[in-house]
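Step one of this worksheet: look at the structure below.
Residue numbers (the numbering used here), protein chains in the order written: chain A, -19 to 294; chain B, 275 to 526.
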């Protein structure tokens, strides 16, 4: 190199150096604004919810607010039936979609021949794009009669909602879980096989534990999708704000979820009324739940977990 | 010394590509056999044929016989899982599982059903780590994460993991290429000691390593075995001009 022994050119005035870096500064600024604005927006949403919903927490005694009766016309705002409704539908959906989604992801990522995966994966991802209202419609005309024929008092039940929601969250779970499995280095599988492990032992004892953080994220996003969904569940769960009686039939009774309640009643309330702010209070509860799920996911996965499962090798 | 592995008229194909051509050789028991040759000459492919790891690659095909103690490992009735318990493998890059040191070594005994837990498993883990010259460094931190070890320790952990299932043959695919010189020498010392109990086949890029650490050496070139002989003979008086050109650095 000819310039190797030349000292740094100190004759360039500082502002000219700064000028050269303008491009850098602009890009950095844009990125920073984008990053901060998403935080600001979330904060604003929460503040807005709080402003509209807080009166409900202040004016309704807590005992009543978390009571078992939701009769807004009689000024009875008990959120419990709605909470229970959301819980039952979500638990049902997760119970269906989790085993199905994870096994499908394992099949796609570990067992299926490449040509089959090339066909299946795009199809599964297209499923994620089906509008929820279409699925709700399908549930209404196809699934509900089926379930009624099976002996339920009505076809519009929590279970119907769970099925539709499970179907909706499957593409998310499968796609992310498969990515997580794909990110596990091939060397781990080879290492297990070379000791004399069977393919299943290699998957179960090495690949799945190594992919655990990614699989957790898949599950959490699936749950998030299920608990926040509105249209489809509103159409198929029967919308009765009752706490279903315990027992084996718990999944086969009509329920109403928190999201469906907001969507169904928001159009009819007088702005500023107690009913109005109670609906926002439901929004706050939903917000807190999804916040808690995200926080839980973060705790379960952890930075350490990610480092070890992905970049851990040498 | 008896022959542990005999290879007869062995051919191997990746799809249409003829990767190994008509190989014939015998690998002696309790000896270290080194396979050398330039990149892409087929030495690693051949190594992976000895425990049928190439079965995991789609579109590959083997032809001919590989006899382990006289029995063809490519016979239809052979269970590859069982075969790999007898013919273990250590890879180029250390690949400990992202689990604790203990669980890495215990993996094999657990999956092959030697011991599930308890004192028996503890004993196997300790013996394997001692066998891999790693015990003194890790005996107080068996529950630590394996990826917290340095690369040399990780590779010895992989060796411990392999010998934990008591194989008869250990295949090593450039086991030192990711290690520094000190760690490399430790692994070579270890190989020498392991050879008393196991038959070792090692692929290496490094001709000094082959010369100082092996008993027999095979030289591969474009999928063919050019020359196979006692290491001393092959390096001092190679019989083929191509071998001589390669080991003196004129071809490669």
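Every residue, glycine too, gets a C-beta built ideally from N, C-alpha and C.
Note that this is a predicted model, so its numbers are computed, not measured.
Span of the beta strand (DSSP E), counted from its first residue to its last, around residue i
{"i": "residue 494 of chain B", "result": "490 to 495"}
{"i": "residue 297 of chain B", "result": "291 to 302"}
Rounded C-alpha distance that separates residue i from residue j
{"i": "residue 399 of chain B", "j": "residue 380 of chain B", "result": "6 Å"}
{"i": "residue 522 of chain B", "j": "residue 354 of chain B", "result": "39 Å"}
{"i": "residue 506 of chain B", "j": "residue 160 of chain A", "result": "49 Å"}
{"i": "residue 478 of chain B", "j": "residue 491 of chain B", "result": "10 Å"}
{"i": "residue 439 of chain B", "j": "residue 431 of chain B", "result": "13 Å"}
{"i": "residue 335 of chain B", "j": "residue 293 of chain B", "result": "10 Å"}
{"i": "residue 348 of chain B", "j": "residue 364 of chain B", "result": "21 Å"}
{"i": "residue 204 of chain A", "j": "residue 148 of chain A", "result": "11 Å"}
{"i": "residue 322 of chain B", "j": "residue 183 of chain A", "result": "21 Å"}
{"i": "residue 154 of chain A", "j": "residue 457 of chain B", "result": "42 Å"}
{"i": "residue 7 of chain A", "j": "residue 278 of chain A", "result": "30 Å"}
{"i": "residue 465 of chain B", "j": "residue 424 of chain B", "result": "19 Å"}
{"i": "residue 3 of chain A", "j": "residue 21 of chain A", "result": "27 Å"}
{"i": "residue 59 of chain A", "j": "residue 229 of chain A", "result": "22 Å"}
{"i": "residue 132 of chain A", "j": "residue 397 of chain B", "result": "59 Å"}
{"i": "residue 191 of chain A", "j": "residue 185 of chain A", "result": "11 Å"}
{"i": "residue 77 of chain A", "j": "residue 71 of chain A", "result": "10 Å"}
{"i": "residue 114 of chain A", "j": "residue 33 of chain A", "result": "31 Å"}
{"i": "residue 257 of chain A", "j": "residue 44 of chain A", "result": "15 Å"}
{"i": "residue 214 of chain A", "j": "residue 98 of chain A", "result": "35 Å"}
Below-8 Å beta-carbon distance, residue i vs any chain B residue
{"i": "residue 163 of chain A", "result": "no"}
{"i": "residue 203 of chain A", "result": "no"}
{"i": "residue 1 of chain A", "result": "no"}
{"i": "residue 173 of chain A", "result": "yes"}
{"i": "residue 281 of chain A", "result": "no"}
{"i": "residue 97 of chain A", "result": "no"}
{"i": "residue 299 of chain A", "result": "It is not possible to answer for residue 299 of chain A, since the shown part of chain A is limited to -19 through 294."}
{"i": "residue 168 of chain A", "result": "yes"}
{"i": "residue 186 of chain A", "result": "yes"}
{"i": "residue 190 of chain A", "result": "yes"}
{"i": "residue -11 of chain A", "result": "no"}
{"i": "residue 177 of chain A", "result": "yes"}
Where residue i falls: helix, strand or coil (DSSP)
{"i": "residue -5 of chain A", "result": "helix"}
{"i": "residue 479 of chain B", "result": "coil"}
{"i": "residue 337 of chain B", "result": "strand"}
{"i": "residue 286 of chain B", "result": "strand"}
{"i": "residue 518 of chain B", "result": "helix"}
{"i": "residue 16 of chain A", "result": "helix"}
{"i": "residue 280 of chain B", "result": "strand"}
{"i": "residue 136 of chain A", "result": "coil"}
{"i": "residue 346 of chain B", "result": "strand"}
{"i": "residue 46 of chain A", "result": "coil"}
{"i": "residue 388 of chain B", "result": "coil"}
{"i": "residue 249 of chain A", "result": "coil"}
{"i": "residue 466 of chain B", "result": "helix"}
{"i": "residue 40 of chain A", "result": "coil"}
{"i": "residue 331 of chain B", "result": "coil"}
{"i": "residue 185 of chain A", "result": "helix"}
Residues bridged to residue i (per DSSP)
{"i": "residue 444 of chain B", "result": "B:362, B:474"}
{"i": "residue 308 of chain B", "result": "B:476, B:491"}
{"i": "residue 419 of chain B", "result": "B:374"}
{"i": "residue 267 of chain A", "result": "Bridge partners of residue 267 of chain A: none, in fact."}
{"i": "residue 57 of chain A", "result": "A:50"}
{"i": "residue 218 of chain A", "result": "A:235"}
Range covered by the alpha helix (DSSP H) that runs through residue i
{"i": "residue 499 of chain B", "result": "Premise fails: residue 499 of chain B lies in the beta strand (DSSP E), 498 to 504, not in any alpha helix (DSSP H)."}
{"i": "residue 101 of chain A", "result": "94 to 107"}
{"i": "residue 376 of chain B", "result": "375 to 385"}
{"i": "residue 166 of chain A", "result": "166 to 175"}
{"i": "residue 225 of chain A", "result": "It is not in any alpha helix (DSSP H) - residue 225 of chain A carries neither H nor E in the DSSP assignment."}
{"i": "residue 396 of chain B", "result": "392 to 405"}
{"i": "residue 117 of chain A", "result": "112 to 118"}
{"i": "residue 317 of chain B", "result": "317 to 323"}
{"i": "residue 432 of chain B", "result": "425 to 437"}
{"i": "residue 193 of chain A", "result": "192 to 208"}
{"i": "residue 129 of chain A", "result": "124 to 129"}
{"i": "residue 182 of chain A", "result": "179 to 182"}
{"i": "residue 411 of chain B", "result": "409 to 412"}
Proximity test, Cβ basis, 8 Å: residue i and chain A
{"i": "residue 475 of chain B", "result": "no"}
{"i": "residue 382 of chain B", "result": "yes"}
{"i": "residue 217 of chain B", "result": "Outside the displayed span of chain B (275 to 526) sits residue 217 of chain B, for which this structure offers no information."}
{"i": "residue 327 of chain B", "result": "yes"}
{"i": "residue 493 of chain B", "result": "no"}
{"i": "residue 362 of chain B", "result": "yes"}
{"i": "residue 288 of chain B", "result": "no"}
{"i": "residue 430 of chain B", "result": "no"}
Residue i beta carbon near the ligand GDP (any heavy atom closer than 7 Å)
{"i": "residue 260 of chain A", "result": "The ligand GDP is not part of this structure, which contains no ligands at all."}
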